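These notes concern the structure reproduced below.
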């Protein structure tokens, strides 16, 4: 009996060592719209901080995809269907992707892009809140700018007139909703909906211009999982102003 227990213990240690020695992991998931319909032929890209594409694949007819990824920290993962981009949809983004185990990431997107999510804890005890920044970008408002500037819509859809969108502009490009309410916004931390305690519209500087973004303060969920090294923050927006929906996500290290 003791020999059996000893052998079992050795087997467990061996299996544990094998798991720790893994050098790559699988990122998989399903791309859908906000009605749960699968999106086929969506390009899934994993990038480094230089915005170089490190891994790339396409979703199948059921919206499913899989990437075999070397372990490490990646700047972002994003999903885009090129024929639809700037025509009737934008993109999905997930930031600060820590690949140290097999992961499921389910991109969901439509006409409202939730870009550049960042979060931090205010320096006050108890550390019960996150301040979350993101820039929502509306396709409807972007196409309005295209129309006002009399750009060639087809060239813009093919990303050939991106810079002209910014030419001869004022210092502010307004692609975001004029306001966002707590009823339009849903923020989850590790899959648990968080209470929103403040929403502030601010401006962000990038590429020589300013854009509108939002800084939202939320309470952290009470049932925290302290075994996790990261919090997964999910931001979903359904704008009453434009009728558009969008979602973005980010991992924040504890």
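Numbering (my numbering), first residue to last: 5 to 258.
C-beta atoms are modelled at their ideal positions from N, C-alpha and C, and glycine is treated no differently.
Predicted, not measured: the structure shown is a model, and the values here were computed from it.
- In this structure, DSSP gives residue 150 a helical state, which the three-state scheme calls helix.
- Residue 137 is bridged by DSSP to 122, 219.
- For residue 96, the closest C-alpha among the options 86, 89, 112, 103 is that of 112.
- In its chain, beyond the 5 residues on either side, 79 have a beta carbon closer than 7 Å to the beta carbon of residue 53.
- In the structure shown, the three-state DSSP call for residue 186 is coil.
- Within the same chain, Cβ atoms closer than 6 Å to the Cβ of residue 59 are found at 50, 71, 73, the five residues on either side in sequence being excluded.
- Using a 10 angstroms sphere on the CB of residue 100, the tally of other CB atoms reaches 16 or more, which defines it as buried.
- Sequence-distant Cβ neighbours of residue 75 in its own chain, meaning closer than 8 Å and more than five residues away, are 26, 27, 28, 29, 103, 104.
- DSSP, reduced to helix, strand and coil, places residue 176 within a strand of the structure shown.
- Contact annotation: residue 238 and residue 181 have beta-carbon atoms that are not nearer than 8 Å.
- Collapsing the DSSP output to three states places residue 34 in a strand.
- Nearest to residue 89 by C-alpha distance, out of 68, 144, 193, is 144.
- The Cβ neighbour count for residue 244, taken over all protein chains shown within 10 Å, is under 16; the residue is labelled exposed.
- Contact annotation: the region 116-124 does not touch the region 33-49, with fewer than three C-beta pairs closer than 8 Å.
- Judged by their CB atoms, residue 191 and residue 184 are not nearer to each other than the 8 Å cut-off.
- In the three-state reduction of the DSSP assignment, residue 208 falls in the strand class.
- Around the Cβ of residue 83, a 10 Å sphere holds 16 or more other Cβ atoms; the residue is buried.
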